[in-house]
Amino acid sequence: MPTNTHPFTPEMKECPFPRYDEWREDAPLVWSPEVEAWLVTSYEEAKAILANHQVFSSSNSVFGGPALEHPEFPSMINRDEPDHRRLRALVSKAFTPRTIEEAWEPRIRQVVEELVDGVLARGDGRLDIVRDVAYPLPVKIIAEIIGVPPERFEQFKTWSNEIVSRIGRVPEHGYRSMEQAAEAAEEALAEREHHRDDAEAPGGGPDESIFAYFAQEVEMRRAQPRDDLVTRLVQAEVDGRQLDLPELVSFLVLLLVAGNETTTNLMNHSVRAMAEHPELQQRVRDQPELMEKLLEEALRWESPIQGFYRRARQDIEVGGVQVKTGDALLVLFGAANRDPEKYECPADFDLERFDGQTGTRDHLAFGYGIHYCLGANLARMEARIAMQTVLTRLGELRSVEGQRVEWWDAPFFRSPKAYVVTYQPRA
Ligand code: HEM
């Protein structure tokens, strides 16, 4: 039995992979007293658990191991069937991945060009991919998709960071309940009503919660529909049922958080791979169609979300281990994607794994089964456009000698705080 089994310590943030290997070599599922959950590190078992949603509930997916009372967060990511199916069907009416991609590609290109203009204008020959591109791009795009005004973008990122660094902390989970959010929204609306003709009417100060903000937006769209995502969500209907206020707010919060830190990290890891492997960078430059493979391999190599939880609804044997009803399991996508039984020499960054149909595209970075990521293609599109633009406009990317990557202390996420490369425009 391995000694240290906490998957989210600062030491693990430095480099979790040797420890994942140690756990996997011990057994495909190892009990962690620190997080009170089974750690799932083998690809086969991880995939089987994600596929078996009848037995493995998602009710604790983003909350954690111990059977504490989870706050009411009626979001599809932590709901089971049939509730999950209803929520996903309703949301898919307004947030259809294909429509979103078609509608947003030109805007993504424009934002990326502006961000790269900023880097070139600075003229210091350095790119911090986190600060300069990967951090601002996804938050701007998702905020615009939701219909948040530009002056709120900074606030948005602060809210998103706050949630990202809190979720998954055991045992303090720290969500405000939806009930509180609805109350706060009502108060804010009443306050606004009171100041109806007042230019100084409160529009949310630093203490406003994201839940209250979205609840207000929802109520305002009910009163005055617009041509935007929130209105479409408010109006979406399946079998005569619509989303209620807590469900709407939960989905908007999920969109904000799910679409941000994760996409940022995909770009960070992709740039790191290219900067550390000049021959790889050259290949992608010569054959731009390889970018798709590069992104898939980056998702496998350094999965932006390292893992989420499940809870067993019945006694069941998995990988030779007896799991009891109520036990939590932390499915480590990041470890499964480095399982040598599945991927030969998993630490190597290897474009050849991808054969167009199977290969690395069967990695678990976007999950598997009914909760498979709703924004996967949006994330891929943002990253593809950003990486191609950076390569074309900035030229040769080289990692800075002796750079030590510092990792953000956010339980589920694999997030460098900064990653600096030098660039050399090509003749
Ligand atoms: C590289 C970027 C991303 C990664 C690695 C990622 C990863 C994941 C993973 C692993 C899950 C499955 C959770 C589970 O099984 O418990 C998931 C679900 C989800 N993701 Fe993403 N995601 C990314 C980008 C996005 C974006 C851009 C959006 C939306 C704008 C998004 C929205 C969602 C939603 C709504 C779900 C819940 C789906 C459901 O429960 O049915 N994600 N994501």
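For the sequence shown, the numbering used here gives the first residue as 630, with consecutive numbering after it. Glycine is no exception: its CB is placed at the ideal position from the N, C-alpha and C atoms.
{"Item": "Expected contact under 8 Å - CB spacing of E1025 and Y1052 to nearest Å", "Value": "6 Å"}
{"Item": "Coil, strand or helix - T1018 by DSSP", "Value": "helix"}
{"Item": "E829 to V740 span [Cα, whole Å]", "Value": "Any reading at E829 must be qualified, since the residue scores a pLDDT of 41, below 50, and its modelled position is unreliable; the value itself is stated next. One C-alpha to the other measures close to 32 Å."}
{"Item": "Min CB distance D968 to chain E below 8 Å", "Value": "The chain inventory of the structure shown lacks chain E, comprising one protein chain alone."}
{"Item": "Three-state secondary structure assigned by DSSP to W1037", "Value": "coil"}
{"Item": "Cβ shell of E876 (< 7 Å), same chain only, five flanking positions each side left out", "Value": "P703 and L716"}
{"Item": "The segment 947-960 / the segment 1004-1013 touching (three or more Cβ pairs under 8 Å)", "Value": "no"}
{"Item": "Per-residue DSSP class, three states only, for D757", "Value": "strand"}
{"Item": "Beta-carbon proximity check, L1020 vs R870, cutoff 8 Å", "Value": "no"}
{"Item": "Three-way DSSP call (helix, strand, coil) for Q951 in this model", "Value": "strand"}
{"Item": "Rounded separation between P831 and E846 - CA only", "Value": "With a pLDDT of only 42 at P831, under 50, the local geometry of the prediction cannot be trusted, and the value read off the model is given with reservation. C-alpha separation (whole angstroms): 14 Å."}
{"Item": "Sequence-distant residues of the same chain with beta carbon closer than 6 Å to L719, five excluded per side", "Value": "A865, V867 and L872"}
{"Item": "M1016: CB within 7 Å of a non-hydrogen atom of the ligand HEM", "Value": "no"}
{"Item": "Expected contact under 8 Å - CB spacing of E673 and L658 to nearest Å", "Value": "Wrong, their Cβ atoms sit about 11 Å apart, outside the cutoff."}
{"Item": "Residue from D757, E981, E730 and V882 whose Cα sits closest to the Cα of I792", "Value": "V882"}
{"Item": "F840: CB within 7 Å of a non-hydrogen atom of the ligand HEM", "Value": "no"}
{"Item": "P1045 and N897 closer than 8 Å at C-beta", "Value": "yes"}
{"Item": "beta-carbon S687 near the ligand HEM non-hydrogen atom, thresh 7 Å", "Value": "yes"}
{"Item": "7 Å Cβ shell around F843 - same chain, five flanking residues per side excluded", "Value": "V878, L881 and V882"}
{"Item": "Nearest neighbour of W652, chosen from L885, H713, E643 and S671 [CA to CA]", "Value": "S671"}
{"Item": "Whether G998 touches H682 by CB criterion (8 Å)", "Value": "yes"}
{"Item": "Any non-hydrogen atom of the ligand HEM closer than 7 Å to F962 Cβ", "Value": "yes"}
{"Item": "Opposing strand residues paired with E669 [DSSP bridges]", "Value": "The question names Glu, yet the displayed sequence has Val at residue 669. For V669, which the question treats as bridged, DSSP gives the partners L658 and V960."}
{"Item": "Residues sharing a beta bridge with I934, DSSP", "Value": "F1042"}
{"Item": "DSSP state of R914 mapped onto helix, strand, coil", "Value": "helix"}
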